[in-house]
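Note that the protein sequences, when read in sequence, are chains A and B. Numbered per my numbering, the first sequence spans residues 1 to 214. Numbered per my numbering, the second sequence spans residues 1001 to 1078.
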Amino acid sequence: MSLLVYCVTETSAVNPSPHNGVGGMAVESVEHSGLRCFVSESKSPTSKEIQDDALTFHRVLKDIFQQAAIIPFRFPTTLADRSDVIAHLREHSEEYASTLGRLRDLVQMELRIQFKEISGPQTSANPSGTEYLRNIQARREKLEMVAQELRQLGEPAIKDWRQRHSNDGIRCFALIDRTTVIDFQRKIGNIPVQSEFTARLSGPWPATQFLSEE
Amino acid sequence: MPETPNNILITGTDPADETSLLDILDHVLNAGVIIRGNLVISLAGVDLVYVGLDVILTSVETAFKHMKVEARTPERIK
């Protein structure tokens, strides 16, 4: 039976999840090169079970992430057997060890900023192509300004920051120390944003947007 | 009359909260290491095999990105 892989951690001081994994399977670990990969036997989900399975997967990740930095796999990533897991760890050991060392005490907070009006104010009923693109550009610039303001107000807790535009606004990722999450939430939660925007802070998440160094 | 500013909504990672549920599914399906592989999904007792699952099981946002890339490709060829 193939193995569903959850995440990779440093070997030291991480206990397995106290909960069962996806499909009620026991979560086990495979160790190699100072790394530990958490796995469970994989079953074939039905379409109805996929959401529940994804949430179970998240719960296992959360249990482990509460103890240490993790490099998660996307659900549902499977490998054939334990030897495949070891081969994967061997192949990526240097990269994974370096990343986990860099992110050891850090977590990712995500800030989503959107306009309240989805389409935005139009300058005319049927804007020309140029007008439409200018409108989009103006909205993007406004979102970037709000993001920059929030970033400045969130400093010095923010160790690194990445952002990208999405279909519905801008997504900002702040890398902060694990011990400062509550203070960060409190600080960001007290910042007023202009009434034309909505903003939402979620986390702490594993630092997936910071796995590669830019 | 000017509208009053909003405060930023704070959500955690608890699936009991509907907003968090969407975030969780987005993170679980779209963030992290990808190893391409196969998975069998059964529907009404029939096994349906999908290959390249990272494309099939994804958020609408990511799917749209892929669709836009594919849609633009023929234009570039012309």
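We put the beta carbon where it would ideally sit given N, CA and C, even for glycine.
Contact set between residue i and chain B, taken where Cβ atoms lie within less than 8 Å
i	result
threonine 208 of chain A	His1027, Ala1031, Gly1032
Sub-8 Å separation of residue i and residue j beta-carbons
i	j	result
alanine 157 of chain A	phenylalanine 184 of chain A	yes
isoleucine 1035 of chain B	leucine 79 of chain A	yes
isoleucine 70 of chain A	proline 204 of chain A	no
glycine 189 of chain A	isoleucine 1008 of chain B	yes
threonine 9 of chain A	alanine 68 of chain A	yes
Bridge partners - residue i, DSSP secondary structure assignment
i	result
arginine 164 of chain A	A/Arg171
methionine 109 of chain A	A/Ala174
serine 29 of chain A	A/Phe38
arginine 200 of chain A	A/Arg112, B/Leu1009
glutamate 10 of chain A	A/Leu35
isoleucine 71 of chain A	A/Val8
Contact set for residue i: own chain, Cβ-Cβ below 7 Å, skip 5 residues either direction
i	result
alanine 26 of chain A	Asn20, Ser40
isoleucine 191 of chain A	Leu150, Leu153
aspartate 105 of chain A	Asp177, Arg178
arginine 171 of chain A	Glu110, Arg112, Gln163, Arg164
alanine 1063 of chain B	A caution first: alanine 1063 of chain B carries a pLDDT of 49, below 50, which makes its placement in the model too unreliable to give a value.
asparagine 1006 of chain B	none
isoleucine 86 of chain A	Val30, His32
is_contact[residue i, chain B] using C-beta, thresh 8 Å
i	result
isoleucine 170 of chain A	no
tryptophan 205 of chain A	yes
glutamine 152 of chain A	no
glutamine 137 of chain A	no
serine 212 of chain A	no
proline 72 of chain A	yes
threonine 198 of chain A	yes
leucine 3 of chain A	no
glutamine 67 of chain A	no
glutamine 163 of chain A	no
glutamine 114 of chain A	no
Beta-carbon contacts of residue i that lie in its chain and below 6 Å, excluding the five residues immediately before and after
i	result
glycine 23 of chain A	Lys43
Contacts of residue i in chain B (Cβ-Cβ under 9 Å)
i	result
histidine 58 of chain A	Thr1013, Pro1015, Ile1024, Leu1025, His1027, Val1028
Under 7 Å from the C-beta of residue i: neighbouring residues of chain B
i	result
glycine 189 of chain A	Asn1007, Ile1008, Ile1010
phenylalanine 75 of chain A	Val1028, Leu1029
Cut-off 8 Å between Cβ atoms - residues of its own chain near residue i, not counting five sequence neighbours on either side
i	result
alanine 199 of chain A	Leu111, Arg112, Ile113, Gln114, Val146, Leu150, Val193
alanine 90 of chain A	This sequence places arginine at residue 90 of chain A; alanine is not what is there. Answer for arginine 90 of chain A: His32, Ser33, listed in chain order.
leucine 61 of chain A	Tyr6, Cys7, Ile70, Pro72, Pro206
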